[in-house]
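**Q** Numbering-wise, our numbering puts 243 at position 238 of the sequence shown, and it's gapless, one number per residue. Note that beta-carbon positions come from the ideal geometry of N, C-alpha and C, so glycine has one too. Predicted, not measured: the structure shown is a model, and the values here were computed from it. Let me give you the structure first, and then I'll get to my questions.
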Amino acid sequence: MQRAPQSKRLDGPTGTRLATHNVSEASRQRALETLLAGFSANRFLNEFYGRLPLHVASANRRRFESLIHWAELERLLNMVGCWMTPGLRLVAEGRRLSPEQYCFARTGTDNEARVWRPQPERVMAAMNAGATLVLNGLDGLVPAIGATAHDLEVSLNVRVQSNLYLSRRGQRGLPLHYDVHDVLALQISGQKHWRLYQNPAHPGARVPPERELRARAGPVSQTIHLSAGDLLYLPAGVVHEAIAASDHSMHLTLALKQVTLLDVASLMMKQLAASNDASTPRYDLHLGRDALASHAAQLAERFATLAADPTATAAMLADIEANRLPRGQYLLGPARPQPELNDSSD
Numbered sequence: 006m007q008r009a010p011q012s013k014r015l016d017g018p019t020g021t022r023l024a025t026h027n028v029s030e031a032s033r034q035r036a037l038e039t040l041l042a043g044f045s046a047n048r049f050l051n052e053f054y055g056r057l058p059l060h061v062a063s064a065n066r067r068r069f070e071s072l073i074h075w076a077e078l079e080r081l082l083n084m085v086g087c088w089m090t091p092g093l094r095l096v097a098e099g100r101r102l103s104p105e106q107y108c109f110a111r112t113g114t115d116n117e118a119r120v121w122r123p124q125p126e127r128v129m130a131a132m133n134a135g136a137t138l139v140l141n142g143l144d145g146l147v148p149a150i151g152a153t154a155h156d157l158e159v160s161l162n163v164r165v166q167s168n169l170y171l172s173r174r175g176q177r178g179l180p181l182h183y184d185v186h187d188v189l190a191l192q193i194s195g196q197k198h199w200r201l202y203q204n205p206a207h208p209g210a211r212v213p214p215e216r217e218l219r220a221r222a223g224p225v226s227q228t229i230h231l232s233a234g235d236l237l238y239l240p241a242g243v244v245h246e247a248i249a250a251s252d253h254s255m256h257l258t259l260a261l262k263q264v265t266l267l268d269v270a271s272l273m274m275k276q277l278a279a280s281n282d283a284s285t286p287r288y289d290l291h292l293g294r295d296a297l298a299s300h301a302a303q304l305a306e307r308f309a310t311l312a313a314d315p316t317a318t319a320a321m322l323a324d325i326e327a328n329r330l331p332r333g334q335y336l337l338g339p340a341r342p343q344p345e346l347n348d349s350s351d
């Protein structure tokens, strides 16, 4: 396996502010630099993106509170009827707790599937005993997180998903693992120790059990301490684990899901499917390998034609964008005073 490259720590300015939900075009273009505390987005893309881990430190310990803070987190969690597994889950020492340990089950009267709804008292008891709380999909619930996710999607042409982790001191929550996508970890509150391991894994490979992965990962290559306001970027495949280093640690991860060559091939096949000739049966495979090679060469030619066709590539980009989570906001209030109804009678 290849050795994991060393990450670099970069100190950003103290006055960095995150974009709010209503962002201008200029701030949208600066979304990545804003998260990077003013560090050059071009340098990040040219030197680190997909290559090297990067630790960006900031003296502004509250700079990510414009995304989410404790009061907002409690407000969301107290909408008890909106939560179910796996949107809210608990993990402890690398293992998921079963829903029976912190949820109550509700089954509909029409033989609906059983729904597990977290019970606040049991969730808090499990956390007091050392479990880590994981919330999925906050980019669809918190406008500021959704706006940041959207800006990253537009800037990088990726799909973004989010998870929030809340841990107590000394708890690692997730097991030793690697992600199949790039990760931006934003330390919202508290502190966390991250250990990065020497040998990266192939993002497309099957994730082995933790014991096997630990044997493959080699020794720890870096120990990184994140404080509130800090950011850590990890390319896909970097083997890592994180342990809370304060009484309460809250961090948000933004998963950057890039398009693979297999995705591109699938998009091209979708374009070819519109052609009747592409779905016409081939009756010469009894001739063997040469016939198959001829068809493969024809397919390669069609792929090349599609790649050179601006209309086709624009349609493929539109398909990539359509695969993202719909974002936006509702504006349902009256824009101006509405006339009152005339309740006169004849």
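Can you tell me the Cα-Cα spacing of R200 and F53, whole angstroms?
**A** Indexing the sequence shown from 1 puts residue 200 at position 195. Indexing the sequence shown from 1 puts residue 53 at position 48. Their backbone Cα atoms lie some 18 Å apart in a straight line.
**Q** Here's a check: name, in chain order, each residue in its chain whose Cβ is nearer than 8 Å to the Cβ of R101, leaving out the five neighbours to either side.
**A** Residue mapping note: residue 101 aligns to position 96 of the sequence shown, counting from 1. Same-chain partners within the cutoff: R94, L95.
**Q** Can A36 and S167 be called in contact, C-beta distance under 8 Å?
**A** For the purposes of this step, residue 36 is taken as the residue at position 31 of the sequence shown. For the purposes of this step, residue 167 is taken as the residue at position 162 of the sequence shown. Cβ distance not < 8 Å, so A36 and S167 don't count as in contact.
**Q** Since T137 sits in a beta bridge, which residues does DSSP pair it with?
**A** The residue given as residue 137 occupies position 132 in the sequence shown. Per DSSP, V96.
**Q** Report the rounded CA-to-CA distance for L57 versus D282, giving the unit in angstroms.
**A** Within the sequence shown, numbered from 1, the residue matching residue 57 stands at position 52. Within the sequence shown, numbered from 1, the residue matching residue 282 stands at position 277. Near 45 Å, if we compare the C-alpha coordinates of D282 and L57.
**Q** Measure the CB-CB distance between G195 and A247 and report whether it falls below 8 Å.
**A** As a first step, residue 195 must be located in the sequence shown, where it is residue number 190. As a first step, residue 247 must be located in the sequence shown, where it is residue number 242. No, the pair does not count as a contact, with Cβ atoms beyond the cut-off.
**Q** Just to confirm before moving on: does the CB-CB distance between P123 and Y107 stay below 8 Å?
**A** As a first step, residue 123 is located in the sequence shown; it is residue number 118 there, counting from the start. As a first step, residue 107 is located in the sequence shown; it is residue number 102 there, counting from the start. The answer is yes: Cβ separation under 8 Å.
**Q** In three-state terms, what does DSSP make of E70?
**A** For the purposes of this step, residue 70 is identified with residue 65 of the sequence shown, where counting begins at 1. Here E70 sits in coil by DSSP.
**Q** Answer with buried or exposed for L337, where buried requires no fewer than 16 other C-beta atoms within 10 angstroms of its C-beta.
**A** Within the sequence shown, numbered from 1, the residue matching residue 337 stands at position 332. Its Cβ having fewer than 16 others within 10 Å, L337 is exposed.
**Q** Cα-Cα, which of N47, K262, R177 is closest to D252?
**A** Here residue 252 corresponds to residue number 247 of the sequence shown, with the count starting at 1. Nearest C-alpha to D252: R177.
**Q** Indicate the three-state DSSP secondary structure (helix, strand or coil) for V85 in the structure shown.
**A** Here residue 85 is taken as the residue at index 80 of the sequence shown, counted from 1. Reduced to three states, the DSSP call for V85 is helix.
**Q** Within its chain, find whatever has a CB closer than 7 Å to the CB of N27; leave out the 5 residues flanking it on each side and keep chain order.
**A** Taking the sequence shown and counting its residues from 1, the one referred to as residue 27 is at position 22. With a pLDDT of 44 at N27, under the threshold of 50, the modelled position of this residue cannot be trusted; read the value that follows with caution. Cβ neighbours of N27 beyond the five flanking positions: none.
**Q** Grab the span of the alpha helix (DSSP H) containing Q303 for me, first residue to last.
**A** For the purposes of this step, residue 303 is taken as the residue at position 298 of the sequence shown. Q303 -> alpha helix (DSSP H) spans 294 to 312.
**Q** Looking at the unbroken beta strand (DSSP E) that takes in A118, where does it start and where does it end?
**A** Within the sequence shown, residue 118 is the residue found at index 113, counting from 1. Looking at the DSSP string, A118 is not in any beta strand (DSSP E), and its letter there is neither H nor E.
**Q** In this structure, what does DSSP give as the bridge partners for P123?
**A** As a position in the sequence shown, residue 123 is number 118, starting the count at 1. Looking at the DSSP assignment, P123 forms a beta bridge with C108.
**Q** Can you give me the start and stop residues for the alpha helix (DSSP H) that A260 sits inside?
**A** For the purposes of this step, residue 260 is identified with residue 255 of the sequence shown, where counting begins at 1. Premise fails: A260 lies in the beta strand (DSSP E), 253 to 262, not in any alpha helix (DSSP H).
**Q** Helix, strand or coil, according to DSSP, for A190 in the structure here?
**A** One-based indexing of the sequence shown puts residue 190 at position 185. It is a strand residue.
**Q** Locate the beta strand (DSSP E) running through H245, then write down its first and last residues.
**A** In the sequence shown, the residue the question calls residue 245 occupies position 240. Unbroken beta strand (DSSP E) run through H245: 245 to 249.
**Q** Go to Q276, then tell me how far its beta strand (DSSP E) extends in each direction, as first and last residue.
**A** On the sequence shown, position 271 is the one that residue 276 refers to. Unbroken run through Q276 is the alpha helix (DSSP H), 266 to 277; no beta strand (DSSP E).
**Q** If we ignore side chains and look at the alpha-carbon of each, how far apart do A190 and L169 end up?
**A** As a working mapping, residue 190 is identified with position 185 in the sequence shown. As a working mapping, residue 169 is identified with position 164 in the sequence shown. Straight-line Cα distance between these residues: approximately 10 Å.
**Q** Just tell me which of K262, H230, H256 has its CA closest to the CA of G242.
**A** As a position in the sequence shown, residue 242 is number 237, starting the count at 1. Ranking the options by Cα distance to G242, first place goes to K262.
**Q** Would the beta-carbon of L259 fall within 8 Å of that of V165?
**A** For the purposes of this step, residue 259 is identified with residue 254 of the sequence shown, where counting begins at 1. For the purposes of this step, residue 165 is identified with residue 160 of the sequence shown, where counting begins at 1. Cβ distance < 8 Å, so L259 and V165 count as in contact.
**Q** Under 8 Å, with one C-beta from each stretch per pair, do the region 143 to 157 and the region 200 to 216 reach the 3-pair mark?
**A** The region 143 to 157, when compared against the region 200 to 216, does not touch it at the 8 Å Cβ threshold.
**Q** State the Cα-Cα distance for the pair A320 and T285, rounded to the nearest angstrom.
**A** Against the sequence shown, residue 320 aligns to sequence position 315. Against the sequence shown, residue 285 aligns to sequence position 280. Roughly 23 Å separates the two Cα atoms.
**Q** Which value, in whole angstroms, describes the spacing of the CA atoms of R111 and V120?
**A** Within the sequence shown, the letter at position 106 stands for residue 111. Within the sequence shown, the letter at position 115 stands for residue 120. So the alpha carbons of these two residues sit roughly 5 Å apart.
**Q** Would you report the Cα separation of N47 and L41, rounded to the nearest angstrom?
**A** Residue mapping note: residue 47 aligns to position 42 of the sequence shown, counting from 1. Residue mapping note: residue 41 aligns to position 36 of the sequence shown, counting from 1. Cα-Cα distance, rounded: 11 Å.
**Q** Cα separation between A152 and Q227?
**A** Start at 1 with the first residue of the sequence shown, and residue 152 comes out as number 147. Start at 1 with the first residue of the sequence shown, and residue 227 comes out as number 222. Using only the alpha carbons, I get a separation of about 32 Å.
**Q** Looking at L171: is its Cβ nearer than 8 Å to the Cβ of M255?
**A** Sequence index remark: in the sequence shown, residue 171 carries index 166 (1-based). Sequence index remark: in the sequence shown, residue 255 carries index 250 (1-based). Contact: yes.
**Q** Mark Y335 as exposed unless 16 or more other C-beta atoms lie within 10 angstroms of its C-beta, in which case mark it buried.
**A** As a working mapping, residue 335 is identified with position 330 in the sequence shown. Label assigned to Y335: exposed.
**Q** Report the residue from L59, R294, D268, M129 whose alpha carbon sits nearest the alpha carbon of R173.
**A** Your numbering for residue 173 matches position 168 in the sequence shown. Out of L59, R294, D268, M129, M129 has the C-alpha closest to the C-alpha of R173.
**Q** Three-state secondary structure (DSSP) at A62?
**A** As a working mapping, residue 62 is identified with position 57 in the sequence shown. The answer is strand: DSSP assigns A62 an E or B state.
**Q** Counting only the same chain and skipping the five closest in sequence on each side, list residues whose C-beta sits under 7 Å from that of A1.
**A** No statement about residue 1 is possible, as the shown extent of the chain runs from 6 to 351 and does not include it.
**Q** Please report the straight-line C-alpha distance between E4 and R68, rounded to a whole angstrom.
**A** As displayed, the chain neither begins before 6 nor continues past 351, which places residue 4 out of reach and without an answer.
**Q** Return the CA-CA distance between S63 and D235, expressed in angstroms with no decimal places.
**A** To locate residue 63, count along the sequence shown from 1; it is residue 58. To locate residue 235, count along the sequence shown from 1; it is residue 230. Taking the straight line joining both Cα atoms gives about 5 Å.
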